[in-house]
Amino acid sequence: MAETRFGCASNEDIDEIIKQSKPHNTQRNRKYIWNQFEKFCQLRNYVLTAETPTKHIANILKDWSINMRKINGEEYKEYSLKTMWNVTAKMIQEKYFIEHQRDFNPFVDQEFNDARQARNAKRKILQNMLEKRKVSAVAFKSDEYEKMINNCQEKTPEGLQIKFYLIASLELAWRGGEAVKCLIHYFQEELDHNGKPTGRIAYNPVFSKTCQGGDQKALRYKMANTKSGKPEKVPSETL
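Take 1 as the starting number for the sequence shown in full-length UniProt numbering and just add one per residue.
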């Protein structure tokens, strides 16, 4: 084969790359769910062949929606049932497309409407069961919150960072994306002009768009900030 600047991976190599890139937890969960579904089909005498009508496949998923159980016979939690049904439907769709060149979509096709409705109905039943519903986050009590703050070792950059986060997250009602921005270090160990620790904690203002990127030191030394217009002021005094 002539030399080329492009790669020469075969379809088999590409399939293997795709397989290796899938998270192990995802592969393990899919295997577990499919094993449970196969056991369910064996007990119900369901057989999925190339000739199985789409409507019959939909009825199998409808039955699976209501009657799936854990190995010990207990009901799954609401969010687990949703995940298991969706994964099962997706794997059946993949199986028939790859093995039998049949194309259908359990998530939108009208033939699967009753199966989807059965899934949703079972979810509502489980949501009414306290032990099966998805538990939302519960706010800390005021005394628990105070203990968390008081236990922070604020004499270290890491401890001061955590304390700052705990206070700011409550006062600013941080959620999700706002909290992620606090992963950068707002405080760092202060160094003298020789690069040795002074035993103090310096403020590390990594707030601007140009300074994003983790633990970059926006101010390496306590030197005059000529851009501030006040060269007699050190950076901490110009903030």
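Just so it is clear, CB atoms sit at the ideal spot from N, CA and C, and this is done for glycine as well.
Keep in mind the model is a prediction, meaning the values are calculated, not measured.
Cα atoms of Met84 and Asn128: separation of roughly 19 Å, rounded to the nearest angstrom. Between the alpha carbons of Tyr46 and Ser80 lies a gap of roughly 23 Å. Here Glu78 carries a helix assignment [DSSP, helix/strand/coil]. With fewer than 16 other CB atoms across the displayed protein chains lying within 10 angstroms of its CB, Arg28 is exposed. In the structure shown, Glu189 adopts extended strand secondary structure according to DSSP, grouped into three states. Per the coordinates, the alpha-carbon of Cys41 lies some 11 Å from the alpha-carbon of Asn67. Here Arg102 carries a coil assignment [DSSP, helix/strand/coil]. Rounded to the nearest angstrom, the Cβ distance from Arg116 to Lys82 is 11 Å, too far for a contact under 8 Å. DSSP places Arg116 in the uninterrupted alpha helix (DSSP H) bounded by 113 to 127. For a cut-off of 8 Å, the C-beta gap from Ile149 to Leu160 is around 11 Å, too long to register as a contact.
9 Å or more divides the Cβ of Met91 from the Cβ of Ile18.
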